[in-house]
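Here the structure is laid out as structure tokens; the discussion comes afterwards.
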Amino acid sequence: DYEVEEVDDSNFVTRPPVVTIMGHVDHGKTSLLDKIRSSKVAKGEAGGITQHISAYTIEQNNQKITFVDTPGHAAFSAMRARGADVTDIVIIVVAADDGVMPQTEEVISHAKASGCPIIVAVNKMDKETANMDMVKAQMAEKEMTPVDWGGDIEFIGVSAHTGQGIDDLLENILLQAEILELQADPDAKAKATVVESLLEKGRGPVATVIVQNGTLRVGDNIVCDTTYGRVKAITNDMGKPVKELGLSETGNVLGLNDVPVAGSFMVAQNSDKEAREIATTRAEHARAKELSKSTK
Ligand code: GDP
């Protein structure tokens, strides 16, 4: 039900990749996400990292990469179903001592279905029982053949504990991104995807977003599914107030009248009237639909 927009590519610039890490429980997805973040923030800012967050942007060789956490695979599917496939590259994490587990297989099929390039991060390489060849053999059986075995999937050995291999992984992400030629228009009407949302005491509805097109600014009139408002404040992934979020950047947006659904699009509008009208119409449609369902 989203209107088709005419695409003007004259203003396109390269945008950073958005990366999702998936894997079997306990294989180190959370540890890896946290280690990448803490090893890449500017010195002196590391103290600002207090907790695990759902999305963040780092820099590797002056190039940005945004990571987004998927709390559960169900949430990932829900986001896809809503057309908000924000991910450009999928990292499958497999523990080097454990190898392919049932959820790894699930994740492989999700990743394949997404059509995104896949990189395998073989984690826990610091362990004595780590066995890269075992993981490669098991993955090859699932049609995930490593490049060095004649396939097309890169396998990078990493450790979320020691940090080994992380630079390698990031370089590889940037290589994949280059091939993808990701582009967007920084001057277009802002469009972002909500990856998480909540009602915060004293702050109201907070939406964690990733910008897909344009630049999202404080003061923008926005619509997000059936919610609307004016961007009152934006904090970046370090919790610092910022005036805007650029292409593929992530942050928390305040100012919506209600908590938007994760997976929905946040779109800038020309006026507050327009924003309110679109949201109200959508809410009415949603109510009518519910009503007709319940009377059937
Ligand atoms: P998740 O369920 O995939 O998010 O896994 P976690 O990040 O919670 O990690 C599960 C367990 O594995 C924790 O006890 C971590 O400390 C441990 N772990 C994660 N990464 C590594 C690693 O690189 N090396 C070792 N030795 N242990 C790890």
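Numbering of the sequence shown is given in UniProt numbering, commencing with residue 368 and proceeding in unit increments. C-beta atoms are modelled at their ideal positions from N, C-alpha and C, and glycine is treated no differently. Just so you know, these numbers come straight off a predicted model, no measurement behind them.
Thr-617 CB to nearest heavy atom of the ligand GDP below 7 Å: Within the sequence shown, residue 617 is the residue found at index 250, counting from 1. Not under cutoff, so the answer is no.
Candidates Tyr-423, Lys-431 and Ala-488, of which the one nearest Gly-390 by Cα: Position 23 of the sequence shown holds residue 390. Comparing C-alpha distances from Gly-390 to each of Tyr-423, Lys-431 and Ala-488 shows the shortest one belongs to Ala-488.
Burial state of Asn-588 (16 or more Cβ within 10 Å): Walking along the sequence shown from the start, residue 588 turns up at place 221. Looking at its Cβ environment, which holds 16 or more other Cβ atoms inside 10 Å, Asn-588 is buried.
Other residues of its chain near Gly-395: CB distance less than 8 Å, five sequence neighbours each side excluded: Locating residue 395 in the sequence shown gives position 28, where the first residue counts as 1. Result list for Gly-395: Val-460, Ala-462, Asn-490, Lys-491 and Ala-527, in chain order.
3 or more residues per run - each beta strand (DSSP E) lying fully within the stretch 452-498: 456-462 and 485-490
Contact test: Asn-637 Cβ vs the ligand GDP heavy atom, cutoff 7 Å: Residue numbering aside, residue 637 sits at position 270 when the sequence shown is read from its first letter. Not under cutoff, so the answer is no.
Sequence-distant residues of its chain with Cβ nearer than 6 Å to Ser-484 (five each side left out): Here residue 484 refers to the residue found at position 117 of the sequence shown. According to the sequence as given, residue 484 is Pro; it is not Ser. Ile-456 and Gln-543, listed in sequence order.
Three-state secondary structure (DSSP) of Val-598: Within the sequence shown, residue 598 is the residue found at index 231, counting from 1. The answer is strand: DSSP assigns Val-598 an E or B state.
8 Å Cβ cutoff met for Val-620 and Met-605: As a first step, residue 620 must be located in the sequence shown, where it is residue number 253. As a first step, residue 605 must be located in the sequence shown, where it is residue number 238. No, these two residues do not count as a Cβ contact at 8 Å.
Closer than 7 Å: Asn-490 CB and nearest the ligand GDP heavy atom: Mapped onto the sequence shown, residue 490 falls at position 123. Indeed, a heavy atom of the ligand GDP lies less than 7 Å from the Cβ.
heavy atom of the ligand GDP below 7 Å from Thr-471 C-beta: Translated into the one-based positions of the sequence shown, residue 471 becomes position 104. Flag unset: Cβ of Thr-471 not near the ligand GDP.
Chain-order list of residues whose beta-carbon lies under 8 Å from that of Gly-586 (same chain, five-residue window excluded): Start at 1 with the first residue of the sequence shown, and residue 586 comes out as number 219. Correct list, in chain order: Arg-597 and Val-598.
First through last residue of the alpha helix (DSSP H) which encompasses Glu-657: Start at 1 with the first residue of the sequence shown, and residue 657 comes out as number 290. Counting along the chain, the alpha helix (DSSP H) containing Glu-657 begins and ends at 639-661.
Of the residues Ala-422, Pro-383, Thr-381 and Pro-384, the one placed nearest Asp-401, counting alpha carbons only: By 1-based counting over the sequence shown, the position of residue 401 is 34. Residue nearest to Asp-401 within the set Ala-422, Pro-383, Thr-381 and Pro-384 is Ala-422 (criterion: CA-CA distance).
Where Leu-566 falls, given that 16 or more other Cβ within 10 Å makes a residue buried: Residue numbering aside, residue 566 sits at position 199 when the sequence shown is read from its first letter. Answer is exposed; the Cβ neighbour count stays below 16.
Through-space distance from Asn-603 to Ile-420, alpha-carbon basis: Against the sequence shown, residue 420 aligns to sequence position 53. Against the sequence shown, residue 603 aligns to sequence position 236. Distance between the alpha carbons of Ile-420 and Asn-603: 11 Å.
Contacts around Leu-537, its chain only, beta-carbon distance under 6 Å, and the 5 residues preceding and following it disregarded: For the purposes of this step, residue 537 is taken as the residue at position 170 of the sequence shown. Excluding positions up to five away in sequence, the list reads Gln-427.
Counterpart residues of Ile-546 in DSSP-defined beta bridges: Counted from its first residue, the sequence shown places residue 546 at position 179. According to DSSP, Ile-546 shares a beta bridge with no other residue.
Span separating the alpha-carbon of Ala-557 from that of Met-501: On the sequence shown, position 190 is the one that residue 557 refers to. On the sequence shown, position 134 is the one that residue 501 refers to. The straight-line gap from Cα to Cα measures roughly 46 Å.
Complete beta strand (DSSP E) runs within the stretch 499-551 (minimum length 3 residues, chain order): 521-524
Counted within 10 angstroms of its Cβ, other Cβ atoms place Ser-631 as buried (16 or more) or exposed: Translated into the one-based positions of the sequence shown, residue 631 becomes position 264. Buried, since its Cβ has 16 or more Cβ neighbours within 10 Å.
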